[in-house]
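K.L.:
Here it is, the structure in full.
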Amino acid sequence: MKVLILSCNTGEGHNSCAAALEEECRNQNIPCDTEDALRFISPEVSRFISNWHVRIYRHAPGLFRVGYRAAEDHPAQFHEGSALYRYLTQGAEKLCGFIAGSGYDTVICTHTFAALMVSEVVKTHLPNLKTCFIATDYTCSPSVKDSSLDRYFIPASSLSGDFLGGGVTSERLRACGIPVRQMFRSSVRKEDAKRVFGIPEGHKHLVMMCGSMGCGPIMSIARRIGRNLPDDQDLTIVCGTNKQLYRRLQRRFYDAKNVHVRSYVKDMALLMDSADLYLTKPGGISVTEAASMRLPMVFIDAVAGCEEYNKDFFLRTGGAVTGQTPKEIARTSLRLLSDEHTLEKMGDALDAAVPHNAAANILSEMSEAEEEKEEDLA
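If you read the sequence shown in this note's numbering, its first letter stands for residue 18, the second for the next number, and so on.
Okay, here's the thing in structure tokens:
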């Protein structure tokens, strides 16, 4: 098996999923590479779509929400033969040449755009290629059902009904979970991790993050928490790549000994190991990473769209809570931080909520798919 993973640079979630799969391939000595699917249309198209995704996501979340709802309400725009389908699959010819020329026999898609493009490759050029799509959110995103791949790996069996339809049949569905990197599956002792980040022994630690792009009402929530944070509790705020937010928070908390403002944290797993509670937007990858670490969550509903479904899924499990306003979110966070019993129950709920070892299970399933195709050809 030689694997090509196709991702997209629309946020870090799809790339993080790809990185987890590539890591597992390396562990199993499976040849593997990762590519940006949109570059097969053109590098300019990839940059344009990715840059505008970041801008809208960060500065106009309401527009992002409206756009996602429109895509859900009008699925025909992704159907084969539509203008959007033709646009997103125009890189199929170039992708086909790359796959054939590099000798890949398995293609794994972590984004719906990649799934559409690969479906076109299989239909028109490479019918024996083994293919799959991995859902990186706890819902069936628009256009998934317009693809036609061998396997569809979804986050949990309870979501199966959402995915059925179009090219997705029950025989093709597998509830394997969402892949996360090894660092989020092997924990460091909490007190040791706290020491690394300067959190005093015995202090409770709230980590607040809103994704790699630092979106959401962080400033408003942080001010409320900072004003009421007891001396034996610490708050760490991670701003991601949002430099303006980082500067504002630095000015606001420059003299607060128990509030720590950070920009982009390279070892996010270690920081999460140090946390007793995680305040975050419900991005598909970030919540799965937290669930794999049994880390209770408070959600900021910053963007909605697919993240609204992620939020609802984990609220149902009992592993997360939320609030309607920044004031309510701040109060809930402070209350939970002092409630050890509830935090323990939430951690147990998260541990049972999603399948573990997703990357290894996906590769095992794709190996079986390879055997099935060989039997069909024989």
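Note that beta-carbon positions come from the ideal geometry of N, C-alpha and C, so glycine has one too. All values derive from a computational prediction rather than experimental measurement.
Alpha carbon to alpha carbon, how far is A337 from T297? Give it in angstroms, no decimals.
P.N.:
As a first step, residue 297 is located in the sequence shown; it is residue number 280 there, counting from the start. As a first step, residue 337 is located in the sequence shown; it is residue number 320 there, counting from the start. Looking at the two C-alpha atoms, the distance is approximately 10 Å.
K.L.:
Can you look up F316 in the DSSP assignment and give me helix, strand or coil?
P.N.:
In the sequence shown, residue 316 corresponds to position 299, counting from 1. DSSP places F316 in strand when its eight states are reduced to three.
K.L.:
By alpha-carbon positions, which one of M18, I379, Q45 ends up nearest to F170?
P.N.:
Your numbering for residue 170 matches position 153 in the sequence shown. Out of M18, I379, Q45, I379 has the C-alpha closest to the C-alpha of F170.
K.L.:
Could you tell me the alpha carbon to alpha carbon distance between A366 and C113, rounded to whole angstroms?
P.N.:
To locate residue 366, count along the sequence shown from 1; it is residue 349. To locate residue 113, count along the sequence shown from 1; it is residue 96. If you take the alpha carbons of A366 and C113, they lie about 44 Å apart.
K.L.:
Per DSSP, what kind of secondary structure is Q199 in: helix, strand or coil?
P.N.:
Along the sequence shown, one-based indexing puts residue 199 at 182. Three-state DSSP puts Q199 in a helix.
K.L.:
Which of the three DSSP states is assigned to Y263 in this structure?
P.N.:
In the sequence shown, residue 263 corresponds to position 246, counting from 1. Here Y263 sits in helix by DSSP.
K.L.:
So, are the CB atoms of T153 and C34 less than 8 Å apart?
P.N.:
Along the sequence shown, read from residue 1 onward, the residue named residue 153 stands at position 136. Along the sequence shown, read from residue 1 onward, the residue named residue 34 stands at position 17. Contact: yes.
K.L.:
I need the boundaries of the alpha helix (DSSP H) containing I58, first residue and last residue.
P.N.:
The residue labelled residue 58 in the question sits at position 41 within the sequence shown. That residue, I58, is in no alpha helix (DSSP H); it is neither H nor E in DSSP.
K.L.:
Go ahead and pull the three-state DSSP assignment for C49.
P.N.:
Translated into positions along the sequence shown, residue 49 becomes position 32. Correct three-state label for C49: strand.
K.L.:
In terms of alpha-carbon separation, which member of F65, S237, L38 lies closest to R198?
P.N.:
Numbered from its first residue, the sequence shown carries residue 198 at position 181. Of the candidates F65, S237, L38, the one whose C-alpha sits nearest the C-alpha of R198 is L38.
K.L.:
In the DSSP assignment, find the alpha helix (DSSP H) that holds C323 and state where it starts and stops.
P.N.:
Here residue 323 corresponds to residue number 306 of the sequence shown, with the count starting at 1. Start and end: 323 to 334.
K.L.:
What residue range does the alpha helix (DSSP H) around K362 cover?
P.N.:
Your numbering for residue 362 matches position 345 in the sequence shown. 357 to 370 is the extent of the alpha helix (DSSP H) around K362.
K.L.:
For D122, which of helix, strand or coil comes out of DSSP?
P.N.:
As a working note, residue 122 is residue 105 in the sequence shown. If DSSP states are grouped into helix, strand and coil, D122 belongs with coil.
K.L.:
Around the Cβ of S187, are there at least 16 other Cβ atoms within 10 angstroms (buried) or fewer (exposed)?
P.N.:
If you number the sequence shown from 1, residue 187 lands on position 170. Label assigned to S187: exposed.
K.L.:
Verify whether the separation of the beta carbon atoms of M310 and K147 is less than 8 Å.
P.N.:
Residue numbering aside, residue 310 sits at position 293 when the sequence shown is read from its first letter. Residue numbering aside, residue 147 sits at position 130 when the sequence shown is read from its first letter. Cβ distance not < 8 Å, so M310 and K147 don't count as in contact.
K.L.:
Going by CA-CA distance only, name the one from I58, L21, N26 that's closest to E40.
P.N.:
Against the sequence shown, residue 40 aligns to sequence position 23. Closest option to E40, Cα to Cα, is L21.
K.L.:
Which two residues bound the contiguous beta strand (DSSP E) that contains F270?
P.N.:
The count along the sequence shown starts at 1 and reaches residue 270 at position 253. No beta strand (DSSP E) holds F270; DSSP gives it neither H nor E.
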